[in-house]
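Chemist:
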Amino acid sequence: MTAPLLSRTLCLAVFAAACAIPAQAESFASSASSAGSASSASISDSISDSSTSSSGDNKVAAGDYRVIDIAQAPNKKDTIRLTLRAEAGQARTFFLDVPNRAMDQRQVNAGEVVRVSERVYGYEFAHADTQRPFFLALQDAWHNDLASRKVTI
């Protein structure tokens, strides 16, 4: 097995194990374990450019973003759309579509700050005040690798 494939496989195993850990288990220091209760989806299904942004891509910079609007995501049942604007640097604005289940423990409200951290698997979105992740936007390849598959024995 090549080093990148082994590294990716190991990260996926750690991520999968972290997702199985109850949210109360705070003893693990890695971001994957702290995100164990976070919901996830692929970047292409969750992040889109706003009409006010000039970059035209789905790339997001790590940092703090203010929630400027919350609405029902168009054509996505049980999903909310957060409009996020960068707090510093360029006035980057983008949409984040988040499944409602990601807000089961705590809602995100307009005016709040969300911290975005770039991870090897994609982006982690957390409440800025507690650093507690609520959503993971996974690179499409990672998302596909984590998909459930029917196994025949």
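According to the numbering used here, the stretch in the sequence shown is residues 4 to 156, in order.
We put the CB at the ideal spot given by N, CA and C, even for glycine.
Our contact map puts A140 next to S49 with C-beta atoms below 8 Å; I'd like the distance itself, whole angstroms only.
Modeler: 5 Å
Chemist: Suppose you measure from the CA of R122 to the CA of V63; what does that come to, to the nearest Å?
Modeler: Cα to Cα, R122 sits roughly 11 Å from V63.
Chemist: Is I46 helix, strand or coil by DSSP?
Modeler: helix
Chemist: Measuring CA to CA, which of E115, Y124, T155 is closest to D143?
Modeler: Y124
Chemist: Suppose you measure from the CA of E90 to the CA of G114; what does that come to, to the nearest Å?
Modeler: Rounded to whole angstroms, E90 and G114 show a C-alpha spacing of 11 Å.
Chemist: Starting from P136, follow the beta strand (DSSP E) in both directions and report where the run begins and ends.
Modeler: 136-141
Chemist: With 16 as the cutoff for other CB atoms within 10 Å, does P136 come out buried or exposed?
Modeler: buried
Chemist: Based on DSSP bridge pairs, tell me the residues matched to P102.
Modeler: T82
Chemist: Rounded to a whole number of angstroms, what is the C-alpha to C-alpha distance between R118 and D107?
Modeler: 18 Å
Chemist: Let me confirm a value: D100 is counted as buried when at least 16 other C-beta atoms fall within 10 Å, else exposed. Which label applies?
Modeler: buried
Chemist: According to DSSP, is Q108 helix, strand or coil?
Modeler: coil
Chemist: A150 to R104, Cα distance in whole Å?
Modeler: With a pLDDT of only 49 at A150, under the threshold of 50, the placement of this residue in the model should not be trusted, and no figure is reported.
Chemist: Just the C-alpha distance for V70 and A131, rounded to the nearest angstrom, thanks.
Modeler: C-alpha separation (whole angstroms): 11 Å.
Chemist: Tell me which residues share the same chain as R88 and place their Cβ nearer than 8 Å to its Cβ, disregarding the 5 neighbours each side in the sequence.
Modeler: Y68, R69, I71, A94, R95, T96
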